[in-house]
Amino acid sequence: MSLKLTGTLTLALLAGLASGSLSAKEWKTIRIGTEGAYAPFNFIDANGQVQGFDIEIGKALCAQLQAQCEFITQDWDGIIPALQAGKYDVILASMFITEERKKQVAFTDPYYKAAMTFVAPKEADVQDISPAALAGKVIGAQAGTTQAEYLTQLYGKSDVRLYPTQEAVNLDLASGRLDLQMGDALPLLMWTRTTDDGKCCQTVGEMVTDPKYVGDGVGMAVRLSDDDLRQQLNQALAAIIADGTYQKINAQYFPINIYTMK
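Going by mature numbering (1 follows the signal peptide of the UniProt record, and there is no 0), the letters in the sequence shown line up with residues -24 to -1, 1 to 238, in that order.
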């Protein structure tokens, strides 16, 4: 290529940048994918509307970005493939940021911290949650989650049973069909402390915070090609934390600040 032609292309590129013709996409409408079966983070209310902490955070982010929000529910086990297929633009569904998932999607900064916990019936008096101590026990978890991965990798001598939703796991534990379950710490703390069916049970053992399984916290996920949207979401998240909007939403659902876990 001649120097003259190269210079012409460079001038054209600079002109395009100056005019904004090569600027990032304007996200006037943001389609948000969530599960709708993971209270209090995302769930379907009596009127068939999706509600929860994740949903309120999504609305606040869209307001900050002056974009219109559209929420789309999707079963958990297909939530990343549906993002990649273009069904929605963002996953906002309490997803742990892990190295394995980073191969498939791009994550925003964490919007709350993550930990996993075991839950058992109160009368079980579980003291030891090591793989050896729980050998032969029936343990439940939601399929496709980091908890499921943790159990299948480390608790091979237990009867690990996987369910399509967290609600189904809770139901079988409360009904006596499981000896224990493992799940995200915050929803299970809320379930055991604030719901009638959760009064049967209590968290047991130390919380699991190994980054290999819980990653760097909980983040929103976008397609690898949509880094501009990821950056805009990060900026909006920082803004709603700084102006107090995040804490107002947090206080509606949790007794502690889940961004700091204090």
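In this text, a Cβ means the ideal position worked out from N, Cα and C, and glycines have one as well.
Tell me whether the beta-carbon of residue 245 lies closer than 8 Å to the beta-carbon of T168.
Outside the shown range of the chain (-24 to 238) lies residue 245, about which nothing can therefore be said.
Tell me which residue opens and which closes the beta strand (DSSP E) that C45 is part of.
Working through the sequence shown from its first residue, we reach residue 45 at position 69. Q44 to T49 is the extent of the beta strand (DSSP E) around C45.
Express the C-alpha separation of V180 and E46 in angstroms, rounding to a whole number.
As a position in the sequence shown, residue 46 is number 70, starting the count at 1. As a position in the sequence shown, residue 180 is number 204, starting the count at 1. Going by the C-alpha atoms only, they are around 38 Å apart.
Identify the continuous beta strand (DSSP E) that holds Y139 and give its terminal residues.
Residue mapping note: residue 139 aligns to position 163 of the sequence shown, counting from 1. Residues D135 to Y139.
Who are the near neighbours of K1 in its chain, counting only those whose CB is closer than 7 Å to its CB and skipping five residues on each side?
Numbered from its first residue, the sequence shown carries residue 1 at position 25. Around K1: D204.
Does any residue of chain C have a CB that is nearer than 8 Å to the CB of T185?
No chain C is present in this structure, which holds just one protein chain.
Note down the Cα distance separating V184 from A100, rounded to an integer number of angstroms.
Within the sequence shown, the letter at position 208 stands for residue 184. Within the sequence shown, the letter at position 124 stands for residue 100. Going from the Cα of V184 to the Cα of A100 covers about 20 Å.
Quick one, which of G116, Y189, V81 and G152 has its alpha-carbon nearest M92's?
One-based indexing of the sequence shown puts residue 92 at position 116. The shortest C-alpha separation from M92 is found at Y189.
Thinking just about the alpha-carbon of each residue, which of L110, I115, Q27 and P140 is nearest to the one in T121?
Numbered from 1 along the sequence shown, position 145 holds the residue referred to as residue 121. Of the listed residues, the one whose Cα sits closest to T121 is P140.
Please report the straight-line C-alpha distance between D219 and M71, rounded to a whole angstrom.
Residue 219 sits at position 243 when you count from the first residue of the sequence shown. Residue 71 sits at position 95 when you count from the first residue of the sequence shown. If I take the Cα positions, the gap works out to 24 Å.
When the Cα atoms are used, what is the spatial distance from L(-3) to D65?
Your numbering for residue -3 matches position 22 in the sequence shown. Your numbering for residue 65 matches position 89 in the sequence shown. Residue confidence is low: L(-3) scores 44 on pLDDT, short of 50, so the model does not pin down where it sits. No coordinate-derived value is stated.
Hey, would you say V81 sits closer than 8 Å to I56, going by beta carbons?
On the sequence shown, residue 81 is found 105 positions in, with the first residue counted as 1. On the sequence shown, residue 56 is found 80 positions in, with the first residue counted as 1. For V81 and I56, yes; Cβs fall inside 8 Å.
Report the start-end ranges of each beta strand (DSSP E) in the stretch 141 to 210 that is 3 residues or longer and not cut off at the edges.
The stretch 141 to 210 contains these whole beta strand (DSSP E) runs: 156 to 160, 177 to 184 and 194 to 198.
Would L154 and D148 qualify as a contact pair, given that the criterion is a beta-carbon distance under 8 Å?
In the sequence shown, counting from the first residue as 1, residue 154 sits at position 178. In the sequence shown, counting from the first residue as 1, residue 148 sits at position 172. The answer is yes: Cβ separation under 8 Å.
Where E75 and G152 are concerned, what is the direct C-alpha to C-alpha distance, given to the nearest angstrom?
One-based indexing of the sequence shown puts residue 75 at position 99. One-based indexing of the sequence shown puts residue 152 at position 176. Cα to Cα, E75 sits roughly 35 Å from G152.
Between L213 and the rest of its own chain, which residues show a CB-CB distance below 7 Å, the 5 nearest in sequence each way excluded?
One-based indexing of the sequence shown puts residue 213 at position 237. Correct list, in chain order: L37, T84, D85 and Y87.
CB-CB under 7 Å to I234, same chain, minus the five flanking residues each way: which ones, in chain order?
On the sequence shown, position 258 is the one that residue 234 refers to. Y88, K89, L162 and N226, listed in sequence order.
When you compare only the Cα positions, how much space is there between D135 and I48?
Position 159 of the sequence shown, counting from 1, holds the residue named residue 135. Position 72 of the sequence shown, counting from 1, holds the residue named residue 48. Each residue's alpha carbon lies about 34 Å from the other.
Give me whichever residues DSSP pairs with V81 in a beta bridge.
Taking the sequence shown and counting its residues from 1, the one referred to as residue 81 is at position 105. BP columns for V81 are empty, so no partner.
Take V114 and list the residues in its own chain whose beta-carbon comes closer than 7 Å to its own, dropping the five residues that flank it on each side.
Start at 1 with the first residue of the sequence shown, and residue 114 comes out as number 138. For V114, where only same-chain residues beyond five positions count, the Cβ hits under 7 Å are D135, R137, L154 and D155.
Work out the CA separation of W3 and P231 for me, nearest whole Å.
As a working mapping, residue 231 is identified with position 255 in the sequence shown. As a working mapping, residue 3 is identified with position 27 in the sequence shown. Each residue's Cα considered, the two are about 34 Å apart.
Applying the criterion that 16 or more other CB atoms from any shown protein chain within 10 Å of the CB defines a buried residue, is A15 buried or exposed?
Locating residue 15 in the sequence shown gives position 39, counting from the first residue. By the neighbour-count rule (16 or more Cβ atoms within 10 Å), A15 is buried.
Less than 8 Å between the C-beta atoms of I6 and G12, yes or no?
Taking the sequence shown and counting its residues from 1, the one referred to as residue 6 is at position 30. Taking the sequence shown and counting its residues from 1, the one referred to as residue 12 is at position 36. No; because the gap between Cβ atoms is not below 8 Å, this pair is not in contact.
How big is the Cα-Cα spacing for E32 and Q207?
Along the sequence shown, read from residue 1 onward, the residue named residue 32 stands at position 56. Along the sequence shown, read from residue 1 onward, the residue named residue 207 stands at position 231. Looking at the two C-alpha atoms, the distance is approximately 20 Å.
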